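Residue numbers (the numbering used here), protein chains in the order written: chain A, 10 to 123; chain B, 1453 to 1566. The beta-carbon is built from N, C-alpha and C at its ideal position, and this holds for glycine as well. Note that the coordinates shown come from a computational prediction; the quantities given were computed from them, not determined experimentally. Structure record follows, encoded as C-alpha cells.
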C-alpha cells in the first residue's frame, strides 16, 4: 500500500546544530508540504513543493529549507536549530489531478531543541 | 493572510449524541474546504471535504454544511462514539495562487464520554 513516512519519529538536538527531517511518500504525488504544529497555532505551513526542483516558502519558513530532487522525498533542514523550533513536524502530500485538495499526512516527527 | 478559525476550542458530548463542530472562515475566495481528525500522537486523517459550489455533503455518520453567506462551515457527527474523541481541524484552499495549499484552523477538541 502507498504511504508517507517520516524519520526520525523523535529527535533531540542542541541549539545551533543542523538537523534534517526526512519525508518519503510512495503515492507518486507531485505536491509535498511541511507543517509545524504547536499548541494554539494548529498546523502552519513551512515549505511546499509542486514537483521536482520546485520549492516555495510558506508562512513560517525562516530558519528552514527544503530541496526536491525526486518525486518521493522532501527533506526539511533546520540550518541552525533554535529552541523556538521545538515542535511537532508533519509532512504531507497531495495529487495534482482531480477536484480534491486532500493532503495525506505522515505520522509526524517530534523535535526538541535544548 | 486570512485564516480559518473555530468558534469552540473544546466540545464534550455523551456517547450516542450528535456532535456539531463549527468553523468560521474569512476569505470569500476560498473554493474548497476539508475536515481532518487527529488522534493523539498521529497525523491528521481526512474525514470529508466540500467545494464551494455545494452547501452540503454527507459521508458515513458525518455531514459537512457550508454557508457561504456567513462564511461558516460545520461538521456534524451522528451517534458519536468514544473512538471519535480527537482534535478536529477545518482547513480551506483560498483559491487563486493558493493552488493545492490548505490553511488550517486551530482545532476543536472533541471528548466523547461513555
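Contacts with chain A (Cβ-Cβ distance below 7 Å) from the segment 1543-1557 of chain B involve 1545, 1552, 1553, 1554, 1556 and 1557, listed in chain order. Counted as a single uninterrupted DSSP element, the beta strand (DSSP E) harbouring residue 1562/B occupies residues 1560-1565.
A Cβ of chain B is located within less than 9 Å of the beta carbon of residue 112/A. Under the 9 Å criterion on CB atoms, residue 109/A is classed as interfacial with respect to chain B.
Taking every protein chain shown into account, the CB of residue 1510/B has fewer than 16 other CB atoms within 10 angstroms, so this residue is exposed. Interface annotation, residue 1486/B: in contact with chain A, CB-CB separation under 9 Å. In the three-state scheme derived from DSSP, where H, G and I count as helix and E and B as strand, residue 1528/B is classed as strand. Selection 1528/B, 1484/B, 1495/B and 1499/B evaluated against residue 1472/B yields 1528/B as nearest (Cα-Cα). Residue-level contact by beta carbon holds for residue 44/A and chain B, with a gap shorter than 9 Å. Counting only runs of 3+ residues, the beta strand (DSSP E) found wholly inside the segment 56-121 of chain A occupies 63-66, 73-75, 85-87 and 96-103, in chain order.
Given a length threshold of 4 residues, the segment 1454-1518 of chain B has no whole run of the alpha helix (DSSP H) inside it. Residue environment: residue 1486/B is assigned as buried (16 or more neighbouring CB atoms within 10 Å of its CB, all protein chains considered).
Legend: CB atoms of the segment 1484-1518 of chain B lying less than 9 Å from CB atoms of chain A belong to residues 1484, 1486, 1488, 1490, 1493, 1494, 1495, 1496, 1497, 1498, 1501 and 1503. For residue 73/A, not one C-beta of chain B is nearer than 9 Å to its own C-beta. Secondary structure of residue 16/A (DSSP, three-state): strand. Taking residue 54/A as reference, the option from 39/A, 109/A, 87/A and 98/A with the minimal CA-CA separation is 98/A. The DSSP-derived three-state label of residue 29/A is strand. Not a single C-beta of chain B is nearer than 9 Å to the C-beta of residue 79/A.
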